[in-house]
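Asker: Protein chains in written order, with my numbering: chain A, 1204 to 1543; chain B, 1204 to 1543. Yeah, the Cβ is synthetic: ideal placement off N, Cα and C, and Gly gets one too. These numbers come from a predicted model, not from an experiment. The structure under discussion is supplied below as structure tokens; questions concerning it will follow.
There are 2 protein chains.
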Amino acid sequence: MSEYGEFGLIKHLTEKIELKNSSSQKGVGDDSAVLDYKDKKVLVTTDLLLEGVHFDLTYVPLKHLGYKSAIVNFSDIYAMNGQPKQITVSLGISKRFSVEMLEELYSGIELACQIYGVDIVGGDTTSSLTGLTISITCLGEGEKDKIVFRNGAKENDLICVTGDLGSAYMGLQLLEREKSVFQGQQENIQPDFTGKEYILQRQLKPEAQKNLIETLKEKNILPTAMMDISDGLSSELMHICTQSNVGCRIYEDKIPINLQAVEMAEELSMNIVTSALNGGEDYELLFTVPMDKYEQIIPLENVAIIGHITKPELGLNLVGRQGEEISLKAQGWNSLNEEK
Amino acid sequence: MSEYGEFGLIKHLTEKIELKNSSSQKGVGDDSAVLDYKDKKVLVTTDLLLEGVHFDLTYVPLKHLGYKSAIVNFSDIYAMNGQPKQITVSLGISKRFSVEMLEELYSGIELACQIYGVDIVGGDTTSSLTGLTISITCLGEGEKDKIVFRNGAKENDLICVTGDLGSAYMGLQLLEREKSVFQGQQENIQPDFTGKEYILQRQLKPEAQKNLIETLKEKNILPTAMMDISDGLSSELMHICTQSNVGCRIYEDKIPINLQAVEMAEELSMNIVTSALNGGEDYELLFTVPMDKYEQIIPLENVAIIGHITKPELGLNLVGRQGEEISLKAQGWNSLNEEK
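Here is the structure:
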């Protein structure tokens, strides 16, 4: 690291960046970036990721970590029905990181930015006495009257989710198991992940739901409420229902679950539905639409209707496969809870 | 901490926040904040502060730390000739922090926001395995054609600074000395800081140069280049000269230094000019203006002309009190350098 100072390092990491968006007027290299959003609304979100809390470098490749760090921020902007446009990246780095390792991390961030059309417009690096700290802020644009909040769900609205739930959590369980197996043995045997690629990818290299936002725009569907599923379906439903002052009923057999996640849960003797409800890190979108959009939603690829919004006094309920009603509790992935 | 989860804690810390700026449309509580900058440019800057690297809680009160964490971001926006309008605050918190301690920290952030007219529009809290991590992103507005970068300094421009330099660094030296004295003794004797209040305040509770930006606007003076002095005058001059492709000559006897800083340097047998050049954390503004603005700059309170811009081939020079020329080297406060 000694060949670069703080300025040299951030310059080295960012010097090849070319700005793509017309709203990005000036990027890295001054006291602040300069953006021009003209008549669009500016969306801003931020995420702080700490080693040992949010990621474990014993099994997370740095490039994947960089990619995911960017994606989780893009996901928040899509969840407002917006388009991510710029990020700033601050890194706290301890001595054990080489320039090559930071290049790996940055290459993942850059790849995500390239795929999603986002500019890196600022950032800094600083030394850390402990592990790696990644702080990313994402700015995006939203159109007037098209921004979707969490508080607009109405009685009888359909509850929809993209993709499938619980896979990222099952991927994490697999990685944690292999880590403990690996630590318990002498020889350097590579674990066999055949047939588990999908759940691993969902954990290590998630994607944000750009496609849904584009589809909704094409089809002229405006959700009444939307958020991304980062802490688990139950937790996010709780947010939408609380902020919208409504209740909800979702159906166990409608929750989209991938076969690899089911198999992994069986292998680990875990309940896959519980994992889908509370696992987190799916980065799928949860949204509600008026019931009269049913015919438009049904043909959409990658979107499932899992239930509907009810009166607030009915609470949040899951209807099981035998028709039994179970009250939903948010037990989402919540790092502060771990301290209890 | 167990009484609040992650959501509860951030809600508790932010629930009293009222948005002041018309550009702040939606603050904390959704996937992202929503801002409306209309025909203004959006400025964005971010700072990551790590315990043990950027601050030492053995002598920094949490409220002061919160205040300073906000100020250093505002300072970057003023350095673009902009007005800070919104911040997002992410905190990484270890187990030893109580809710009351976080309230203290937050109260300092809120106080700074109140004084400078800034809204807190987002943020989160997460657990940390180690110390306190503070990540703040600040957004501000700039007027078209009035944003000042680092790259516009021209030959013969006057070099100006606000306030005085080196005081914050001397305040830090004092605190470090008292810390080591305190750690070496058995009894709990409070240090006597009489006559050293100013340098302590400059270190613990710095201010950003809002007044200068307002004065420049009133007087219709647009700097050719500007940046804030966070890493030390030498380092910042290097940035401006490199980016503007110019040289500079500054005069030792023109560098504004406070008497308390001079006295502290003598007490510690340190060179106050070196400290003023390389100390950092002043959060004053360094700017250049065309020579014909001389008559307008001279009457300004709190602004000193310290030299002028030269041809690039002349390099960066300090003219000493005996007329000797000394080549300037940036040795600014640079946390990565400490690792060398």
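At a Cβ threshold of 7 Å, is residue 1180 of chain B touching chain A?
Answerer: Absent from the model: residue 1180 of chain B. The displayed extent of chain B is 1204 to 1543, so no value can be given.
Asker: According to the Cβ coordinates, are residue 1547 of chain A and residue 1360 of chain A closer than 7 Å?
Answerer: Residue 1547 of chain A cannot be examined here, being either before or after the span of chain A that is shown, 1204 to 1543.
Asker: In the DSSP assignment, find the unbroken beta strand (DSSP E) run with residue 1512 of chain A in it and report its ends.
Answerer: Residues 1506-1513.
Asker: Once DSSP output is grouped into helix, strand and coil, what is the label at residue 1396 of chain B?
Answerer: Three-state DSSP puts residue 1396 of chain B in coil, outside helix and strand.
Asker: Rounding to the nearest angstrom, what Cα-Cα distance links residue 1423 of chain A and residue 1329 of chain A in this structure?
Answerer: Cα-Cα distance, rounded: 45 Å.
Asker: Interface residues of chain B around residue 1350 of chain A at Cβ under 7 Å?
Answerer: 1237, listed in chain order.
Asker: For a test of your reading of the model: does the CB of residue 1339 of chain B fall under 6 Å from any non-hydrogen atom of the ligand GTP? Yes or no.
Answerer: The ligand GTP is absent from the structure shown, which contains no ligands of any kind.
Asker: Hey, residue 1345 of chain A and residue 1244 of chain A: beta-carbon distance below 7 Å or not?
Answerer: For residue 1345 of chain A and residue 1244 of chain A, yes; Cβs fall inside 7 Å.
Asker: Just checking, does the segment 1303-1311 of chain A make contact with the segment 1238-1253 of chain A on the three C-beta pairs under 8 Å criterion?
Answerer: The segment 1303-1311 of chain A, when compared against the segment 1238-1253 of chain A, does not touch it at the 8 Å Cβ threshold.
Asker: Return the residue from the list A/1483, A/1482 and A/1407 that minimises the CA-CA distance to residue 1267 of chain A.
Answerer: The shortest Cα separation from residue 1267 of chain A among A/1483, A/1482 and A/1407 belongs to A/1407.
Asker: Taking the alpha carbon of residue 1294 of chain A as the point to measure from, which residue in B/1298, B/1355, B/1251 and B/1375 has its own alpha carbon closest?
Answerer: Residue 1294 of chain A has its Cα closest to that of B/1251, out of B/1298, B/1355, B/1251 and B/1375.
Asker: In chain order, what residues of the same chain lie with their CB nearer than 8 Å to the CB of residue 1213 of chain A, ignoring the 5 residues before and after it?
Answerer: Closer than 8 Å at Cβ, skipping near neighbours: 1231, 1326, 1327 and 1328.
Asker: Is any beta-carbon of chain A found at less than 7 Å from that of residue 1447 of chain B?
Answerer: Not an interface residue.
Asker: With 9 Å as the limit, tell me which residues of the segment 1352-1370 of chain A have their beta carbon closer than that to any beta carbon of chain B; keep them in chain order.
Answerer: Those would be 1352, 1353 and 1354, in chain order.
Asker: Quick one, which of B/1217, B/1475 and B/1331 has its alpha-carbon nearest residue 1551 of chain B's?
Answerer: Since the first residue shown for chain B is 1204 and the last is 1543, residue 1551 of chain B is missing from the structure and cannot be characterised.
Asker: Could you give the C-beta distance for residue 1249 of chain A and residue 1338 of chain B, rounded to a whole number, given that I count them as a contact under 8 Å?
Answerer: The pair is a contact, with the Cβ atoms about 7 Å apart (cut-off 8 Å).
Asker: Among A/1442, A/1460 and A/1239, which residue has its Cα nearest to the Cα of residue 1355 of chain A?
Answerer: The option with the nearest alpha carbon to residue 1355 of chain A is A/1442.
Asker: According to DSSP, simplified to helix, strand and coil, what is residue 1383 of chain A?
Answerer: The answer is helix: DSSP assigns residue 1383 of chain A an H, G or I state.
Asker: When DSSP labels each residue in this structure, what does residue 1300 of chain B get in the three-state scheme?
Answerer: Note: residue 1300 of chain B maps to coil in three-state DSSP.
Asker: Among the candidates A/1437, A/1215, A/1525 and A/1363, whose CA atom is the shortest distance from the CA of residue 1302 of chain A?
Answerer: Comparing Cα-Cα distances from residue 1302 of chain A to each of A/1437, A/1215, A/1525 and A/1363, the minimum goes to A/1215.
Asker: Mind checking who residue 1452 of chain B pairs with in its DSSP beta bridge?
Answerer: BP columns for residue 1452 of chain B point to B/1511 and B/1520.
Asker: Taking C-alpha atoms, which residue in A/1399, A/1363 and A/1362 lies nearest to residue 1377 of chain A?
Answerer: Here the closest residue by C-alpha is A/1399.
Asker: Under DSSP, the beta strand (DSSP E) around residue 1361 of chain B begins and ends at which residues?
Answerer: Per DSSP, residue 1361 of chain B belongs to the beta strand (DSSP E) from 1361-1365.
Asker: Counting only the same chain and skipping the five closest in sequence on each side, list residues whose C-beta sits under 6 Å from that of residue 1412 of chain B.
Answerer: Here the set comprises 1281, 1365 and 1488.
Asker: In the DSSP output, what is residue 1236 of chain A paired with across the bridge?
Answerer: According to DSSP, residue 1236 of chain A bridges with B/1247.
Asker: Quick check on residue 1395 of chain B - is its C-beta less than 7 Å from some C-beta in chain A?
Answerer: Residue 1395 of chain B does not count as touching chain A.
Asker: Could you tell me whether the Cβ of residue 1256 of chain A comes closer than 7 Å to any Cβ of chain B?
Answerer: Yes, residue 1256 of chain A lies at the interface with chain B (some Cβ there is under 7 Å from its Cβ).
Asker: Taking the alpha carbon of residue 1396 of chain A as the reference point, which residue from A/1386, A/1382 and A/1450 has its own alpha carbon closest?
Answerer: Checking every option, the nearest Cα to that of residue 1396 of chain A belongs to A/1382.
Asker: Does the beta carbon of residue 1282 of chain A sit closer than 7 Å to a beta carbon anywhere in chain B?
Answerer: At least one chain B Cβ lies under 7 Å of residue 1282 of chain A.
Asker: Suppose contacts are defined by Cβ-Cβ distances below 7 Å. Is residue 1463 of chain A in contact with residue 1401 of chain A by that definition?
Answerer: Cβ atoms of residue 1463 of chain A and residue 1401 of chain A: closer than 7 Å.
Asker: So residue 1447 of chain A is in the beta strand (DSSP E); what residue range does that whole segment cover?
Answerer: First-last for residue 1447 of chain A: 1436-1447, but that is the alpha helix (DSSP H), not the beta strand (DSSP E).
Asker: Can you tell me whether residue 1288 of chain B is helix, strand or coil according to DSSP?
Answerer: The answer is strand: DSSP assigns residue 1288 of chain B an E or B state.
Asker: For the segment 1418-1441 of chain A, which residues have a CB atom closer than 7 Å to at least one CB atom of chain B, in sequence order?
Answerer: Answer set for the segment 1418-1441 of chain A: 1430 and 1431.
Asker: Tell me whether residue 1277 of chain A sits in a helix, a strand or coil according to DSSP, three-state version.
Answerer: Correct three-state label for residue 1277 of chain A: helix.
Asker: Whether or not the segment 1483-1498 of chain B and the segment 1432-1442 of chain B are in contact is what I'm after, with contact meaning three or more pairs of Cβ atoms, one per stretch, closer than 8 Å; do they touch?
Answerer: They touch, by the three-pair rule.
Asker: Measuring alpha carbon to alpha carbon, tell me which of B/1234, B/1480 and B/1504 ends up nearest residue 1350 of chain A.
Answerer: Among B/1234, B/1480 and B/1504, the Cα nearest to that of residue 1350 of chain A is on B/1234.
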